[in-house]
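The opening position of the sequence shown corresponds to residue 159 in our numbering, with each subsequent residue numbered one higher.
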Amino acid sequence: MEWPVDVALARPVTQLPTGPWAYEIKVDGHRTVLWRTEDSVRLQSRTGRDVTALWMDLAVAATSLPPGVILDGEAVVYVADDDGSARISFEAAQSRALSGPRRARKLADRHPTLYRPATK
Numbered sequence: 159m160e161w162p163v164d165v166a167l168a169r170p171v172t173q174l175p176t177g178p179w180a181y182e183i184k185v186d187g188h189r190t191v192l193w194r195t196e197d198s199v200r201l202q203s204r205t206g207r208d209v210t211a212l213w214m215d216l217a218v219a220a221t222s223l224p225p226g227v228i229l230d231g232e233a234v235v236y237v238a239d240d241d242g243s244a245r246i247s248f249e250a251a252q253s254r255a256l257s258g259p260r261r262a263r264k265l266a267d268r269h270p271t272l273y274r275p276a277t278k
């Protein structure tokens, strides 16, 4: 596979299609394709942009994957609520995605990212 890849985007429908389809719950994160190469990890946005510097915590964690793995999924940020529980925060993910690399590192320290691969 060659960098970047086109990703299939969800679309609303009024009726579920029949046939060999897979369905999954929509989570509020940032669509990210994770590429584990022989010597590095790269992260691609849904538009094909290299966003590795914005999600370095994911890139570092993904070094444990074997080379050649390509995953399509969501970069998801959890934040703590006042009662101690955690919830997915699109706002926190959006802040990270719109920041620069230096600010992204600071945001990662406060709210680390989890990667939720798409299911098949």
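Note that the Cβ used here is the ideal one computed from N, Cα and C, for glycine as well.
Check the Cα spacing between Gln202 and each of Val163, Gly242, Thr221: the tightest is with Val163. In the structure shown, Ala238 adopts extended strand secondary structure according to DSSP, grouped into three states.
The alpha carbon of Pro259 has as its nearest neighbour, out of Asp208, Gly231, Val235, the alpha carbon of Asp208. Under the three-state reduction of DSSP output, Pro275 falls in the strand class. The way I'd put it, the segment 171-180 doesn't touch the segment 237-257; fewer than three beta-carbon pairs between them come closer than 8 Å.
Taking C-alpha positions only, Val218 is separated from Lys264 by approximately 15 Å. Per DSSP, Val199 is one residue of the beta strand (DSSP E) stretching across 199-203. Straight-line measurement puts the Cα of Pro225 at about 19 Å from the Cα of Trp213. Around Leu223, the same chain offers Arg194 as residues with beta carbons nearer than 7 Å, after the five sequence neighbours per side are excluded.
Here the alpha carbons of Met159 and Glu196 stand approximately 14 Å from one another. DSSP links His269 through a beta bridge to no other residue. In this structure, Ala211 sits away from Val234, with a CB-CB distance that is not shorter than 8 Å.
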